[in-house]
């Protein structure tokens, strides 16, 4: 991405790791550093920033390896910055062990990154940074889609999760702030939005408002120019049947239900401190599945301390029976500072890996079944550009799908009278499935 700069001789290379919530924070930093030219050339960049992830072991390892690899490549007088969750979580330890890094900062100073870089100093503000409509973002990766962060922190007490220990309690943005940000982005040409946070269905609950997402839907629907929207990261105990119905009746929000379950056995839900009885949870999930044209995504953790063979088999049976459109499985990761870390009923790593493989195979098969159901259908898609597969294949996604995580459709034939344009919605007919990619013919622009 390139844009006009005041100091074009200075360049910036930024790597954003982890979740889409991290990506929003990275876009804030890009906005504060507009004086710098964005560059893919690490070796000649004046400033290098890595926005790290500290969620699980594999993410921590990726963060450390990335920043050390960039250090090896950078030029002598460049400034290397370690920002984000991992930096916040282990700030004392990392500052002692990584002398290669010039600036350390955590999750509270994204809007001060320009000052930190100019003064070449580290900072860890105690409060978590909460985005507002005055923050200038540089949206990356799309000319029509943007992520909107609803809140920071989390009030849940999941046994396996360390996020609240360094992100703090839930702090929701105001509805007014969100509406202003969305209106501003619509005025810039963006018309597809994904609303995200650690626990989206708890939005405004810290302000004693229990139907925050329903109020959000009401306000977003009033904004002219939005073509589609979806909500990511619903939490089981704060997602209501009323919210599901609200989404179903919305003309803007897609029937997209992203609800990380983590498990389904009653025993494991209690151990994991997930806060909802299994019967109520299954009722909630069935309501989502029964919603017309719904798309249901989830995640699971296998190998959590206390998970029996019976618990695991129950989980596998449920995944087979339910038929999620998309799902991911994670092997349990021992995270210091969590309840699960102190649990002595640990499971052998070989068993954890075996369970992850078994469930992963079921998920892969069910995903292919979901994709096969698309063959022959006429659906609406966004065009994202050339595919990585071939320059003559255009990459697209269904309007209900979230960017990057839910799949890709290759447009290999065009029956419209015009050249297909990135960011526009087209009606297409799905013709076949090759591997895990759907092929489609464009019929008309909508």
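Residue numbers (the working numbering): 6 to 451.
Heads up, the beta-carbon is just placed ideally off N, CA and C, and yes, glycines get one too.
Please read these numbers as outputs of a predicted model, since none were measured by experiment.
- Per DSSP, the continuous alpha helix (DSSP H) segment holding residue 289 begins and ends at 283–295.
- Around the beta carbon of residue 340, 16 or more other beta carbons lie within 10 angstroms, which makes this residue buried.
- When DSSP states are grouped into helix, strand and coil, residue 64 belongs to the helix group.
- Counted as a single uninterrupted DSSP element, the beta strand (DSSP E) harbouring residue 197 occupies residues 197–201.
- Under DSSP, residue 304 forms a beta bridge with 333.
- For the segment 218–259, the full-length alpha helix (DSSP H) segments reaching 4 residues or more read 246–254 along the chain.
- Judged by DSSP in its simplified three-state form, residue 346 adopts helix.
- The residues 417, in chain order, have a CB closer than 8 Å to that of residue 397 in the same chain once the five nearest residues on each side in sequence are set aside.
- In chain order, 311 place their CB closer than 6 Å to the CB of residue 276, counting only its own chain and leaving out the 5 sequence neighbours on each side.
- Positions of the alpha helix (DSSP H) runs, each at least 4 residues long and wholly inside the segment 110–171, are given as 118–124 in order along the chain.
- When DSSP reads this structure, residue 446 sits in a beta bridge with 418, 434.
- In the DSSP annotation of this structure, residue 394 is not part of any beta strand (DSSP E), being labelled neither H nor E.
- Listed in chain order, the non-local C-beta contacts of residue 255 below 6 Å within the same chain comprise 222, local neighbours out to five positions each way being set aside.
- Comparing alpha-carbon positions, the option among 135, 224, 403 lying closest to residue 413 turns out to be 403.
- Taking all protein chains shown into account, residue 105 has fewer than 16 neighbouring C-beta atoms within 10 Å of its C-beta and is therefore exposed.
- In the three-state DSSP reduction, residue 390 falls in the strand class (E or B).
- Between the alpha carbons of residue 343 and residue 102 lies a distance of about 24 Å.
- Taken through DSSP and simplified to helix, strand or coil, residue 263 comes out as strand.
- In this structure, DSSP gives residue 108 an extended state, which the three-state scheme calls strand.
- Under the 10 Å beta carbon count, residue 230 is surrounded by fewer than 16 other beta carbons and is classified as exposed.
- For the 8 Å CB-CB criterion, residue 447 and residue 435 do not form a contact.
- Counting the other Cβ atoms within 10 Å of the Cβ of residue 267 gives 16 or more, which makes it buried.
- With a 10 Å radius around the Cβ and a threshold of 16 neighbouring Cβ atoms, residue 391 comes out exposed.
- Pairing residue 241 with residue 264 gives a Cβ-Cβ distance under 8 Å.
- Taking C-beta atoms under 8 Å as the contact rule, residue 175 and residue 207 qualify, at a distance of about 6 Å.
- Contact between residue 96 and residue 111 holds: CB atoms are separated by about 6 Å, below the 8 Å threshold.
- Cβ neighbours of residue 76 within its own chain (closer than 7 Å, five residues either side excluded): 85, 105.
- Nearest to residue 209 by alpha-carbon distance, out of 162, 259, 154, is 154.
- Around the beta-carbon of residue 326, fewer than 16 other beta-carbon atoms lie within 10 Å, marking it exposed.
- Relative to residue 367, the option among 212, 219, 384, 329 whose CA is nearest is 329.
- Residue 42 sits in a strand when the DSSP states are folded into three classes.
- When the beta-carbon positions are compared, residue 52 and residue 83 come within less than 8 Å of each other.
- Within its own chain, the residues whose Cβ lies closer than 8 Å to the Cβ of residue 121, once the five positions on either side in sequence are excluded, are 86, 108, 110, 114, 127, 128, listed in chain order.
- Setting aside the 5 residues that flank it on each side, residue 226 is surrounded in the same chain by 255, 256, 257, each with a C-beta closer than 7 Å to its C-beta; the list follows chain order.
- Comparing C-alpha distances from residue 299 to each of 282, 281, 331, 313 shows the shortest one belongs to 331.
- Nearest neighbour of residue 15 by Cα position, chosen from 60, 50, 194, turns out to be 50.
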